[in-house]
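In terms of this note's numbering, the sequence shown opens at residue 3 and continues consecutively.
We put the CB at the ideal spot given by N, CA and C, even for glycine.
None of these values were measured; they are calculated from a predicted model.
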Amino acid sequence: MSEGRTISEVGEEGFLRLMAPLFRRQTEGFPLPLGDDVAISPPTAPGFRTVWTVDSMVEGTHFRWWRNPLATPEALGRKLAASNLSDLASKGADPQYALLSLGLPPHATLDAIQAFLTGLVAELESHGARLIGGDTVSAPAWTLTLSLTGLLAEDLPIAARHRARPGHGVYITGNPGESGAGLCLLESESESESSDPAHLEMVRRHLVPSPRIDTGRRLLALRDISMMDVSDGVAHDAQAIAYRSGVAITLDEDLLRPSPALAITADFLNVDPMNLVYHGGEDFELLFTTGAPEAEVLAIDPIIRKIGTVEAGTGLFLRGGSRRIPLDPRNFEHFPQS
Ligand SMILES: [Mg+2]
Numbered sequence: 003m004s005e006g007r008t009i010s011e012v013g014e015e016g017f018l019r020l021m022a023p024l025f026r027r028q029t030e031g032f033p034l035p036l037g038d039d040v041a042i043s044p045p046t047a048p049g050f051r052t053v054w055t056v057d058s059m060v061e062g063t064h065f066r067w068w069r070n071p072l073a074t075p076e077a078l079g080r081k082l083a084a085s086n087l088s089d090l091a092s093k094g095a096d097p098q099y100a101l102l103s104l105g106l107p108p109h110a111t112l113d114a115i116q117a118f119l120t121g122l123v124a125e126l127e128s129h130g131a132r133l134i135g136g137d138t139v140s141a142p143a144w145t146l147t148l149s150l151t152g153l154l155a156e157d158l159p160i161a162a163r164h165r166a167r168p169g170h171g172v173y174i175t176g177n178p179g180e181s182g183a184g185l186c187l188l189e190s191e192s193e194s195e196s197s198d199p200a201h202l203e204m205v206r207r208h209l210v211p212s213p214r215i216d217t218g219r220r221l222l223a224l225r226d227i228s229m230m231d232v233s234d235g236v237a238h239d240a241q242a243i244a245y246r247s248g249v250a251i252t253l254d255e256d257l258l259r260p261s262p263a264l265a266i267t268a269d270f271l272n273v274d275p276m277n278l279v280y281h282g283g284e285d286f287e288l289l290f291t292t293g294a295p296e297a298e299v300l301a302i303d304p305i306i307r308k309i310g311t312v313e314a315g316t317g318l319f320l321r322g323g324s325r326r327i328p329l330d331p332r333n334f335e336h337f338p339q340s
């Protein structure tokens, strides 16, 4: 441990020296160790495309140092990696190499930075990726940017957002809304340390999401697929697929029920669970459309469920019983009473 020392006390070179044991195995077998001006990776195997993504998290905008004991620097590192990995999952790519830009306030302690890096590297490694380089700068608040590459075989389809077609089914993995519920709990001063198991589950879903790498890879077997990861809420992101594809998407309210833990938490928070389901955000689940038979789709992974259909036209709609109304991608309103 670093006895509470801060980044400004040791500087960038001192920081890199202290973190060397953590970094060493990341560039094993590479022409250069981590810490030079550049990273040089071995040649990519022929027959693969390189898939790129980048994500940023800024203290005060994307996260705060919440009082909850689960909100650790290590969890933050895991989450930054997970949000990038989730983008690769949306195209079924195999994660490969990451570069980190680390903007740190002068008072950031080495212990916190080390814990952050440990979480980041552990999450990357658990999906076969390595952190091979980066940069450290001084910043007014923690400003974290990770870029990540992945490999996608040339004979696999590209699950682009613009490939939804009328007649496709709309599907999702996992339970959207849980992460949003967790954020509500974290933001609520009085409840941020609740020990209710349902609350803990929601908080964990927000702080340590699970990127759907394996599911994304397996879904490419369907060939005819349009996919994205859900970061801004199911409604917003379904709208993005509809808009890019020039189609209408209708979500079915009966198929999008909240999970039991989400229902309990929403009740406790006195918020509408469906509002969290549609607009929660940071779910890092996979939202996709495909023309493959429903049974074939559901057989790929038990976490997949059908939530709607793609139709001719434009826009986003909600079906409840025999009625179909426009769904605002930003705000949820129940079916008007009539
Ligand atoms: Mg994305």
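Regarding residue i and ligand 1, is the C-beta to nearest heavy atom distance less than 7 Å?
i      : result
Asp231 : yes
Ser247 : no
Ser228 : no
Ser92  : yes
Asp157 : no
Asp285 : no
Compute the distance between the beta-carbons of residue i and residue j, then report whether it is under 8 Å.
i      : j      : result
Gly176 : His208 : no
Ala100 : Ala77  : no
Leu126 : Leu119 : no
Thr292 : Asp216 : no
Asp231 : Gly152 : no
Glu255 : Leu320 : yes
Arg326 : Val249 : no
Ser247 : Pro211 : no
Glu298 : Gly171 : no
Return the CA-CA distance between residue i and residue j, expressed in angstroms with no decimal places.
i      : j      : result
Ile251 : Thr111 : 48 Å
Ser43  : Phe270 : 50 Å
Ser340 : Leu318 : Residue placement at Ser340 cannot be trusted, given a pLDDT of 46 that sits under 50; the coordinates are not used to answer.
Gly310 : Val60  : 34 Å
Pro107 : Asp113 : 14 Å
Ile115 : Leu146 : 11 Å
Gly201 : Phe65  : A small fix is needed here, since residue 201 is His in this sequence, not Gly. One C-alpha to the other measures close to 18 Å.
Met276 : Leu253 : 12 Å
Leu24  : Gly13  : 18 Å
Ala294 : Leu104 : 43 Å
Sort the options by Cα distance to residue i and report the nearest one.
i      : options                           : result
Thr8   : His109, Asp303, Ser197 and Leu34  : His109
Pro178 : Pro35, Gly6, Arg307 and Phe25     : Arg307
Asp274 : Pro35, Arg80 and Arg259           : Arg259
Gly62  : Glu255, Arg27 and Ala143          : Ala143
Asn272 : Leu187, Gly218, Gly169 and Gly171 : Leu187
Ile305 : Leu221, Gly283, Ser247 and Asp234 : Leu221
What are the start and end residues of each continuous alpha helix (DSSP H) run of 4 or more residues lying completely inside the segment 8 to 54, in chain order? 9 to 26
Runs of 3 residues minimum, wholly inside the segment 227 to 269: which ones carry the beta strand (DSSP E) assignment? 227 to 231 and 250 to 254
Which ranges does the alpha helix (DSSP H) cover as unbroken runs of at least 4 residues, wholly within the segment 52 to 109, from first to last along the chain? 75 to 91
Could you name each continuous alpha helix (DSSP H) segment of 4 residues or more that falls completely within the segment 275 to 330, going from the start of the chain to the end? 275 to 281 and 296 to 300
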